[in-house]
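Counting from 1, one number per residue, gives the positions in the sequence shown under full-length UniProt numbering.
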Amino acid sequence: MKTSLPATLPSHVAIVMDGNGRWAQKRLLPRLAGHRKGVEALRRCVSHCAERGVQILTVFAFSSENWSRPPEEVSGLMGLMASVLGKEAANLQRNGVRLHCVGDTSRLDADIRERLAQAERQTAANDRLVLNICFNYGGRWDIAQAAERLRLQGETITEASLGQAMALAHGPDPDLLIRTGGELRISNFLLWQAAYAELYFSDVLWPDFDAADLDAALDDYARRQRRFGKTGEQVRPGPARQEETHPPKEKNGC
Ligand code: FPP
Numbered sequence: 001m002k003t004s005l006p007a008t009l010p011s012h013v014a015i016v017m018d019g020n021g022r023w024a025q026k027r028l029l030p031r032l033a034g035h036r037k038g039v040e041a042l043r044r045c046v047s048h049c050a051e052r053g054v055q056i057l058t059v060f061a062f063s064s065e066n067w068s069r070p071p072e073e074v075s076g077l078m079g080l081m082a083s084v085l086g087k088e089a090a091n092l093q094r095n096g097v098r099l100h101c102v103g104d105t106s107r108l109d110a111d112i113r114e115r116l117a118q119a120e121r122q123t124a125a126n127d128r129l130v131l132n133i134c135f136n137y138g139g140r141w142d143i144a145q146a147a148e149r150l151r152l153q154g155e156t157i158t159e160a161s162l163g164q165a166m167a168l169a170h171g172p173d174p175d176l177l178i179r180t181g182g183e184l185r186i187s188n189f190l191l192w193q194a195a196y197a198e199l200y201f202s203d204v205l206w207p208d209f210d211a212a213d214l215d216a217a218l219d220d221y222a223r224r225q226r227r228f229g230k231t232g233e234q235v236r237p238g239p240a241r242q243e244e245t246h247p248p249k250e251k252n253g254c
């Protein structure tokens, strides 16, 4: 059952799922154990976003820079991605979630590419929630690939054409960008698309991030005033806008 919606719910939530490694190290476990626990947190988050009525969830699962981690961690994350795709596709399908993989898939193993394509095909008709998994993704890569695509097509580079050539052009920009794990950085995530996202930083390590933590972020978002470059007075419902929706009685005449 859907819980009650806050006054202002973000349509698109993006998350930097940080803190898996520290979660594992605190328990004297290998870092990969933290990533495995992170998958459980992601599953909870997908389910809660769908329940709350969020329409798009975009998560940073493997960055362009993560290749420089220890080889066993890189291969562990690749294996995790393959197994998540294998095991979770049916679950996503049952829950009406449409999966998109966002990033440079050319460097991934053929097996993972095939599983990705298969999971995207299997969930293509779903519309309850779109889940964008950013894998081998970087904001700078995205801007560069979009510009290169336009150059090859001989198109002029404008804000509109570049935006349309981006890897996330299939949806609106994120409204709320959450980073867990206590660090205050964007780390090359959605550099273009997050131009007007509201930022929310949580100290909770990703594997511990639960529905209540997500609710806290959504509630915080509901209290923000989004101005998009305008003044507070312009976006706040003032007398002029109130008149439009609630005309004063004397003006209603008889
Ligand atoms: C950052 O934490 C997290 C990652 C680089 C991987 C995120 C992956 C998952 C949450 C699992 C879902 C995975 C797939 C493949 C769908 P960190 O390792 O930088 O943590 P630290 O800052 O504590 O070291």
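All C-beta atoms in this analysis are idealised placements derived from N, C-alpha and C, irrespective of residue type, glycine included.
- Put simply, of S187, A24, D173, L99 the residue whose alpha carbon is nearest the alpha carbon of Q193 is D173.
- Around the beta-carbon of I157, fewer than 16 other beta-carbon atoms lie within 10 Å, marking it exposed.
- In this structure, W67 has its beta carbon at no less than 7 Å from each heavy atom of the ligand FPP.
- Uninterrupted beta strand (DSSP E) stretches at least 3 residues long and entirely within the stretch 162-204 occur at 176-179, 198-201, given in chain order.
- In terms of Cβ geometry, A14 and L190 form a close pair [threshold 8 Å].
- Between S63 and G138 a beta carbon distance of about 6 Å is seen, short of the 8 Å cut, so the two are scored as contacting.
- DSSP places S75 in the uninterrupted alpha helix (DSSP H) bounded by 71-94.
- Under the three-state reduction of DSSP, S11 is assigned to coil, being neither helix nor strand.
- Under the 8 Å Cβ criterion, the stretch 195-215 counts as touching the stretch 37-45, having at least three qualifying pairs.
- For S63, the enclosing beta strand (DSSP E) has its first and last residue at 56-63.
- Its chain contains G21, A24, E73 as the residues whose beta carbon lies nearer than 6 Å to that of R31, once the 5 sequence neighbours on both sides are disregarded; these appear in chain order.
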